[in-house]
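Residue numbers (the numbering used here): 8 to 305. Beneath this line is the structure, given in structure tokens, with notes to follow.
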Ligand code: SF4
């Protein structure tokens with residue numbers, strides 16, 4: 008069946024890799040933080056919450072086209088930060104128009120989670136908003152401060168436990184190489200601590216690449232951050248996984264984003280030993296002094 012594109016998106020629009028087959032609905036435009044030094048995703052946008060009438064119109068257009076999505080992802084960068092009235096009315100409309108919807112997802116910052124009460128988060132989860140994607144990036148405060156993440160490691164820990172407790176599944180993303188050579192060891196140690204304490208249901212790594220035009224790129228060019236080689240990036244992944252414990256719940260692990268040189272995955276702790284052994288082999292086979300090729304940007 009052929010569908011006319013029912014929504015005019017305010018580009019650019021991003022979603023997590025695992026939401027590739029979800030209907031994307033923009034609840035907010037841009038990112039309320041928009042300061043992370045490595046990120047250029049929403050620099051062209053001024054943050055705002057969309058009017059509920061616009062959101063409902065998008066949803067109605069999709070329903071009128073006969074769409075029956077299995078999953079919906081709420082965009083843009085941190086739509087969980089939208090006011091409760093907007094989120095609840097959006098979710099109510101989704102549930103009315105698409106009663107068979109299985110899951111609704113959203114990007115969230117630690118701040119978004121902490122500024123909502125447990126009761127509010129539980130109300131959202133009851134309306135099928137049941138997965139939140141959190142960019143932890145690093146568990147180390149020095150690194151988080153350097154990249155202007157806007158939240159501390161303690162915030163990340165508290166927010167992760169809170170959202171899990173309120174009925175969401177948590178998908179956490181950490182960035183390999185984000186602290187450069189200088190902070191690699193503390194990035195490993197502290198990220199492993201947060202992972203062990205939170206055991207997100209889903210966990211993935213992204214490899215940090217500097218994007219021209221970002222403050223991170225300028226810092227690299229000025230020699231203020233020394234990038235990691237391919238071998239050092241693999242050591243970070245290996246050491247974080249080796250130092251982490253996953254005994255609260257099974258964790259589905261993926262490192263297959265376009266920015267990772269080698270795809271890898273499994274369920275932790277079940278596959279932890281095997282993944283660590285594979286990484287050890289890759290480390291041994293990787294020559295010194297080689298840097299990863301940046302992914303092709305569309
Ligand atoms: S919070 Fe996320 S979307 Fe916003 S600037 Fe940081 S990395 Fe980019």
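Yeah, the Cβ is synthetic: ideal placement off N, Cα and C, and Gly gets one too. Keep in mind it's a predicted model, so treat the numbers as computed, not measured.
DSSP bridge partner residues for residue i (one or two, in chain order)
i: residue 214; result: 183
i: residue 176; result: 138
i: residue 82; result: 33
i: residue 253; result: DSSP, once it has assigned bridges, lists no residue as partnering residue 253.
Among the options, the one whose alpha carbon lies nearest that of residue i
i: residue 180; options: 114, 148, 88; result: 114
i: residue 285; options: 242, 253, 257; result: 242
i: residue 151; options: 47, 223, 260, 208; result: 223
i: residue 84; options: 112, 21, 134; result: 21
i: residue 89; options: 62, 184, 106, 109; result: 62
i: residue 215; options: 262, 257, 106, 256; result: 262
i: residue 288; options: 176, 269, 297; result: 269
i: residue 97; options: 198, 136, 77; result: 136
i: residue 140; options: 87, 154, 69; result: 87
For residue j and residue i, the rounded distance between their alpha carbons
i: residue 246; j: residue 159; result: 22 Å
i: residue 18; j: residue 102; result: 26 Å
i: residue 203; j: residue 252; result: 5 Å
i: residue 274; j: residue 143; result: 20 Å
i: residue 291; j: residue 187; result: 21 Å
i: residue 81; j: residue 162; result: 23 Å
i: residue 237; j: residue 300; result: 9 Å
i: residue 47; j: residue 217; result: 10 Å
i: residue 193; j: residue 100; result: 45 Å
i: residue 225; j: residue 15; result: 34 Å
i: residue 196; j: residue 71; result: 51 Å
Where residue i sits in the DSSP three-state scheme
i: residue 8; result: Since pLDDT at residue 8 reaches only 48, below the 50 mark, its modelled position is unreliable, and the value read off the structure follows with that caveat. If DSSP states are grouped into helix, strand and coil, residue 8 belongs with coil.
i: residue 274; result: strand
i: residue 55; result: strand
i: residue 220; result: coil
i: residue 154; result: coil
i: residue 110; result: strand
i: residue 305; result: Its pLDDT being 44, under 50, residue 305 is placed unreliably by the model, and nothing is read from it.
i: residue 115; result: strand
i: residue 14; result: coil
i: residue 143; result: strand
i: residue 261; result: strand
Residue i Cβ short of 8 Å to ligand 3 heavy atom set
i: residue 220; result: Here the bound small molecules are ligand 1; ligand 3 is not part of this structure.
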